[in-house]
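Asks:
In this note's numbering, the protein residues as written are 173 to 736.
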């Protein structure tokens, strides 16, 4: 079921296309932040990160007499977020079973990341806290039963899945976003007893039973503090690229056997709020409880690490009637999630409304909802809608064709202000459901793309690269350094051939890189990238021409133009 070849950890092909550098549908330009009016909030101030330094590198050996110049010759880097959710709850995506050995779990994770890279995705959103538990080494919450079969039981032989996933994802130039469920404490699918360290055991007053679930009460300040502590513990200890929370705030409403709505049992926290002088109506109070968590996560994550992006994936409809033709579930009233407010306040770096309906379904039309959400994005944050990819080529009343999925990606690209998609979930890609992988690879994902830059997050400017060529026994190599001692997050190396630009991404620690054989480039352009995706100025190196039977080197004349 899990197919796909291992990708090189040294360099990943990011673009091989004609000089126009466009996939089947054009990638939209990065959205420009919309200036806030006097009635709108200003962005949260982010602390500035300190540049990373490293000891000086050794001087390159036997450089060719290449001519480095600053040039804007190479086309812009293609940018588009291509994420995929990897759900651990109920073993939806990974691990596939609770009984796998450590080696089997690692093998599945490797196959998953290989498949994501092969499909030219660039980000994995890995669920590491499905129900007040942990798929990583935590001193706050117990090991998840979805990993080891018994809540609280550590894996044997021991390993840390999150540390492993980050290392392997970064080796494939995939971002790794840690996905947390903020309030669920136990899923209906759970089978093992609660661990003695689970919150329902250590502080049962904070946890409420609801329709077969256990739910941490959002009205309890201690619940908000715990979730914040859990998230920041991960941000501080692990090299994650992003923090992600899903659409489960107050639980989706359930009915009893007689069809009557089951009320969420938060009388204790509500009465305390009233007793302490609170004036909000109960529904408004619940929304405020969720608002406080979202805002605290935004501030906390960026205080801990300013370059880590914070994203939310709310239910795709804010309220029925927005836009006018939309009908359906009211997340504002039922989940007490004022997602529009979080977007308009700029409390997120990326926003992923779950637009799980076809483009042709008028009352929940994908294009209309996406356009409305973009219109609410007054702070110019990333808009990366979520797609129900597992329904593409599936069966049942909610299924749609793989062609419809391709159309949703096309609509996203045509929508100014939207710059990517997130797919639910990885399982459909692992099984190549209805041949969707093949369709995507010859269509919208024929050429890869880098994640869009996040310029409002503060990070050290990417250092200017220097580049030289050297002949070795195995071929020509590019020798990379930077001005000063700062190390970039990545380098993007673009090779110019007679017919195309070929772009490769390598780690910022790379000092020597082999020019791929058979490419016959005439010049190359290098930029360095920092942790938020900002590019340095480009530096171009012109290859000496090879002429004559003996293959002698001929240095190009000074001042040669490399423009197309």
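Cβ atoms here follow ideal geometry from the backbone N, Cα and C, with glycine treated the same way.
So, helix, strand or coil for residue 347, using DSSP?
Replies: Residue mapping note: residue 347 aligns to position 175 of the chain shown, counting from 1. Here residue 347 sits in strand by DSSP.
Asks: Thinking C-alpha only, which one of 410, 444, 395 is nearest residue 422?
Replies: Working through the chain shown from its first residue, we reach residue 422 at position 250. Nearest option by C-alpha distance: 395.
Asks: Does the distance from the C-beta atom of residue 312 to that of residue 411 stay below 8 Å?
Replies: Sequence index remark: in the chain shown, residue 312 carries index 140 (1-based). Sequence index remark: in the chain shown, residue 411 carries index 239 (1-based). Cβ distance not < 8 Å, so residue 312 and residue 411 don't count as in contact.
Asks: Considering residue 474, what are the terminal residues of the alpha helix (DSSP H) in which it resides?
Replies: Counting from 1 along the chain shown, the entry for residue 474 is found at position 302. That run of the alpha helix (DSSP H) goes 454-476.
Asks: How would you label residue 717, buried or exposed, when you count the other beta carbons within 10 angstroms and need 16 or more for buried?
Replies: Position 545 of the chain shown, counting from 1, holds the residue named residue 717. Label assigned to residue 717: exposed.
Asks: Since residue 371 and residue 357 should fall inside the 8 Å C-beta cutoff, what is the C-beta to C-beta distance between them, to a whole number of angstroms?
Replies: Within the chain shown, the letter at position 199 stands for residue 371. Within the chain shown, the letter at position 185 stands for residue 357. Right, their Cβ atoms sit about 6 Å apart.
Asks: If you scan the segment 239-317 from start to end, which runs of the beta strand (DSSP E) of 3 or more residues do you find wholly inside it?
Replies: If we require 3 residues or more, the beta strand (DSSP E) runs fully inside the segment 239-317 come out as 239-242, 253-258, 295-301.
Asks: Between which two residues does the alpha helix (DSSP H) carrying residue 600 extend?
Replies: Translated into the one-based positions of the chain shown, residue 600 becomes position 428. Taken as a continuous stretch (DSSP letters only), the alpha helix (DSSP H) holding residue 600 covers 598-602.
Asks: What separation, rounded to the nearest whole angstrom, lies between the Cα atoms of residue 366 and residue 463?
Replies: Looking up residue 366 in the chain shown gives position 194. Looking up residue 463 in the chain shown gives position 291. Roughly 29 Å between the two C-alpha positions.
Asks: Indicate whether the contact test is met: 3 or more Cβ pairs, each with one atom in the segment 617-633 and one in the segment 250-266, closer than 8 Å.
Replies: With a cut-off of 8 Å, the segment 250-266 and the segment 617-633 count as touching, because enough Cβ pairs lie within range.
Asks: Assuming residue 712 is part of the beta strand (DSSP E), what are its boundary residues?
Replies: By 1-based counting over the chain shown, the position of residue 712 is 540. 711-714 is the extent of the beta strand (DSSP E) around residue 712.
Asks: Exposed or buried, what is residue 497 when buried is set at 16 or more other beta-carbons lying within 10 Å of its beta-carbon?
Replies: Within the chain shown, the letter at position 325 stands for residue 497. With fewer than 16 other Cβ atoms within 10 Å, it is exposed.
Asks: Need the endpoints of the beta strand (DSSP E) that residue 643 sits in, please.
Replies: Mapped onto the chain shown, residue 643 falls at position 471. That run of the beta strand (DSSP E) goes 637-644.
Asks: Can you look up residue 608 in the DSSP assignment and give me helix, strand or coil?
Replies: Here residue 608 refers to the residue found at position 436 when the chain shown is read from its first residue. Residue 608 falls in the helix class under three-state DSSP.
Asks: Locate the beta strand (DSSP E) running through residue 650, then write down its first and last residues.
Replies: For the purposes of this step, residue 650 is identified with residue 478 of the chain shown, where counting begins at 1. Here the beta strand (DSSP E) through residue 650 covers 647-654.
Asks: For residue 572, write down the residues that DSSP places opposite it in a beta bridge.
Replies: Residue numbering aside, residue 572 sits at position 400 when the chain shown is read from its first letter. 564.
Asks: Assuming residue 673 is part of the beta strand (DSSP E), what are its boundary residues?
Replies: On the chain shown, residue 673 is found 501 positions in, with the first residue counted as 1. From DSSP, the beta strand (DSSP E) with residue 673 extends over 672-679.
Asks: Rounded to a whole number of angstroms, what is the C-alpha to C-alpha distance between residue 263 and residue 668?
Replies: Taking the chain shown and counting its residues from 1, the one referred to as residue 263 is at position 91. Taking the chain shown and counting its residues from 1, the one referred to as residue 668 is at position 496. Whole-angstrom Cα-Cα distance: 45 Å.
Asks: Helix, strand or coil for residue 385? Go by DSSP, reduced to three states.
Replies: As a position in the chain shown, residue 385 is number 213, starting the count at 1. In this structure, residue 385 counts as strand in the three-state DSSP scheme.
Asks: With DSSP run on the structure shown, which of helix, strand or coil describes residue 717?
Replies: Start at 1 with the first residue of the chain shown, and residue 717 comes out as number 545. Residue state, collapsed to three classes: strand.
Asks: From the DSSP output, in three-state form, read off residue 403 for me.
Replies: By one-based count along the chain shown, residue 403 stands at place 231. Residue state, collapsed to three classes: helix.
Asks: Any idea if residue 393 is buried or exposed, counting beta-carbon neighbours within 10 angstroms, 16 or more meaning buried?
Replies: Start at 1 with the first residue of the chain shown, and residue 393 comes out as number 221. Classification for residue 393: exposed.
Asks: Are the segment 644-652 and the segment 686-693 in contact at 8 Å, needing three or more beta carbon pairs?
Replies: The answer is yes - the segment 686-693 touches the segment 644-652, with three or more Cβ pairs under 8 Å.
Asks: Can you list, in chain order, the residues of its chain whose CB lies under 8 Å from that of residue 375, leaving out five sequence neighbours each side?
Replies: Against the chain shown, residue 375 aligns to sequence position 203. The answer, listed in chain order, is 394.
Asks: Can you list, in chain order, the residues of its chain with a C-beta nearer than 7 Å to that of residue 635? Leave out the 5 residues immediately preceding and following it.
Replies: Here residue 635 refers to the residue found at position 463 when the chain shown is read from its first residue. The residues are 654, 655, 656, 658, 660, 700, 708.
Asks: Please report the Cβ distance between residue 470 and residue 520, rounded to the nearest whole angstrom; I am assuming they are in contact, meaning their Cβ atoms lie under 8 Å.
Replies: Here the question's residue 470 lines up with position 298 in the chain shown. Here the question's residue 520 lines up with position 348 in the chain shown. Rounded, the Cβ-Cβ distance is 7 Å, consistent with contact.
Asks: Return yes when the Cβ of residue 322 is within less than 8 Å of the Cβ of residue 274, no when it is not.
Replies: For the purposes of this step, residue 274 is taken as the residue at position 102 of the chain shown. For the purposes of this step, residue 322 is taken as the residue at position 150 of the chain shown. Contact: no.
Asks: Can you name the residues that DSSP bridges to residue 580?
Replies: Position 408 of the chain shown holds residue 580. For residue 580, which the question treats as bridged, DSSP gives no partner whatsoever.
Asks: Are residue 455 and residue 517 touching if we call contact CB-CB under 8 Å?
Replies: For the purposes of this step, residue 455 is taken as the residue at position 283 of the chain shown. For the purposes of this step, residue 517 is taken as the residue at position 345 of the chain shown. Contact: no.
Asks: So, is residue 586 buried or exposed, given that buried needs 16 or more other C-beta atoms within 10 angstroms?
Replies: Taking the first residue of the chain shown as position 1, residue 586 is located at position 414. With fewer than 16 Cβ atoms within 10 Å of its Cβ, residue 586 is classed as exposed.
Asks: What is the DSSP secondary structure of residue 448, counted as helix, strand or coil?
Replies: Along the chain shown, read from residue 1 onward, the residue named residue 448 stands at position 276. Looking at residue 448 - three-state DSSP - the assignment turns out to be coil, as it is neither helix nor strand.
Asks: Taking the CB atoms as reference points, tell me whether residue 308 and residue 391 lie closer together than 8 Å.
Replies: Reading the chain shown from its first residue, position 136 is the one you call residue 308. Reading the chain shown from its first residue, position 219 is the one you call residue 391. Cβ distance not < 8 Å, so residue 308 and residue 391 don't count as in contact.
Asks: Leaving out five residues before and five after residue 300 in sequence, what residues of the same chain have Cβ atoms less than 6 Å from its Cβ?
Replies: Residue 300 sits at position 128 when you count from the first residue of the chain shown. 307, 308, 334, 350.
Asks: For residue 405, which of 473, 591, 551, 318 has the nearest alpha-carbon?
Replies: As a first step, residue 405 must be located in the chain shown, where it is residue number 233. Nearest C-alpha to residue 405: 473.
Asks: Quick one: Cα of residue 304 to Cα of residue 287, how far?
Replies: What you label residue 304 is simply residue 132 of the chain shown in a count that begins at 1. What you label residue 287 is simply residue 115 of the chain shown in a count that begins at 1. If you take the alpha carbons of residue 304 and residue 287, they lie about 29 Å apart.
Asks: How many Å lie between residue 413 and residue 341 at the Cα?
Replies: On the chain shown, residue 413 is found 241 positions in, with the first residue counted as 1. On the chain shown, residue 341 is found 169 positions in, with the first residue counted as 1. Computed Cα separation, rounded: 11 Å.
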